[in-house]
Structure formats: C-alpha cells, structure tokens
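The opening position of the sequence shown corresponds to residue 1 in the UniProt record's numbering, with each subsequent residue numbered one higher.
Ideal Cβ positions, reconstructed from N, Cα and C, are used throughout, including at glycine.
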Amino acid sequence: MPRSTNPGRTPDAATSSESTDSTRQRIVAAAKEEFARHGIAGARVDRIAKQARTSKERVYAYFRSKEALYAHVAERETTALVEATQLDPADLPGYAGILFDHFAARPDHYRLITWGRLELAESADNTTSPLQATIVGKLDKLRDAQRMGLLDPAWDPVDVLALINQIAMTWAGQPEIAAAAADQAVDPSITARRAALVTAVERMFPRPD
C-alpha cells in the first residue's frame, strides 16, 4: 500500500486543501478582472462566482464582503507594483521607464487602482498602508540623492515623485489620446511613447554638474 508523502496530512485532506486553494485563487483572479472592468460599486459577486466556477456562497465564505474582496485584490496588486518598480534615485528616467512598462503590460492594474481612488477616497488617508510606506521610502531615497548631489536640491521630493509617476502613467491614463493620434504621430509605437516620456524625465531632472 503506498505511503503518504506527508504523514501529517491524509491524501483526502491534501486533495481537499488543494481544491480549496484552487477555488480561492480562481475567485481572486475573477475578482481582479471584474473590479478592473466595473469598479467596486459596479462589480457583481454573482459574475465573479460564475467566472470562478463556484457559488456566491463560496465567495462569501472566503471574503466577508465585496469590499473585503476588493481590498485583498488591491493589496496583491499594490505589492506586485512595489516589487516591480523599485526606485533608483540615480536613474529617475529609468524608473519612469519601469513604471511605463508595468502599466503597459498590465492595463488592468491601472484601472483597478484608479477605481479604488475614485470610490474609496478615504483610503488615501491611511498612513499605515503598504503603499503609503512605499511612498515614504521613495521620498527618503530622493532626499538622500539630493544630499549626495545626484538630484537638484531645489526640487521638493514630493513634487519629483508625483511628476514622474504622472508622466510615466500618461498613456495608461489617457488611451483615447493615443487612439485619436494613432494616424498622426510620426511613430505611434509603444517604444516611441516610452522613449518620449523617458526623455521628458531626463530633461526635467538632469543630474547636477
């Protein structure tokens, strides 16, 4: 008779746990798509359940409310963003390019966090959130860069970070401009868009002589 590879857990228990994990993962994946498309208020738990091949009751068994499910998805996406977009204060154009690449590859992420900003305005005041902690850390890096002579000290680091973020997310936030100008731009490719914003950041924040 075959022996279990995990003596602390029976085969039936292992199968049940794996199935549970799989169901939860499907719910989270379906919720991410639903929230990105419809926002929080417009999202429907029954659609999430259908997409995840489960029931509404099962969704609520994992997450007590639609808002709790959104919070979980948003935290996961924020963690992914933080990990993928580390700031090097000595290379601000490179940081802008990394941000651009992230949102170009994951437009659903931009829509998801934008819905949260619109519908959960009070969350921006949460100074203990992982995103706020990341922002504080980036501002500290920019101040260190100013002390080291890598960044013009005349700039407020808050302005630097806000401007770079906004420039990097220009095309993610204004797809209608890209669509309208597609037949007018000299080079409407994503490579050209990226090069333009990197150049803009280079000119705004040149390294001091």
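- Residue environment: I190 is assigned as exposed (fewer than 16 neighbouring CB atoms within 10 Å of its CB, all protein chains considered).
- Assigned with DSSP and collapsed to three states, R26 falls in helix.
- A168 is a Cβ neighbour of A96, given a cutoff of 8 Å.
- Beyond the five residues adjoining it in sequence on each side, A178 comes within less than 8 Å, by CB distance, of W171, P188 and R193 in the same chain, given in chain order.
- Minimum Cα-Cα distance from Q86 among the listed residues E176, V59 and L139 corresponds to L139.
- With contacts defined as CB atoms closer than 8 Å, L131 and L142 fail to qualify as a contacting pair.
- The three-state secondary structure of W155, taken from DSSP, is coil.
- Counting along the chain, L112 sits inside the alpha helix (DSSP H) bounded by residues P107 to E119.
- When secondary structure is reduced to three states using DSSP, G97 falls in the helix class.
- Taking a C-beta distance under 8 Å as the contact criterion, R117 and A36 do not qualify as a contact pair.
- The UniProt domain "HTH tetR-type" (21–81) is shown to contain whole alpha helix (DSSP H) runs of 4 or more residues at 45–51 and 56–62, in chain order.
- Annotation: the continuous alpha helix (DSSP H) that includes T199 extends over I190 to M204.
- Secondary structure of G137 (DSSP, three-state): helix.
- Under the three-state reduction of DSSP output, L92 falls in the helix class.
- With contacts defined by Cβ atoms closer than 8 Å, I164 and L92 form a contacting pair.
- Comparing alpha carbon positions, the residue from A154, F100 and V158 closest to Q174 is F100.
- In this chain, the alpha helix (DSSP H) harbouring P175 covers P175 to A180.
- Across the set D46, T78, R147 and G94, the C-alpha of T78 shows the shortest separation from the C-alpha of I113.
- Scanning D108, G149 and A68 for the CA closest to the CA of L81 turns up D108.
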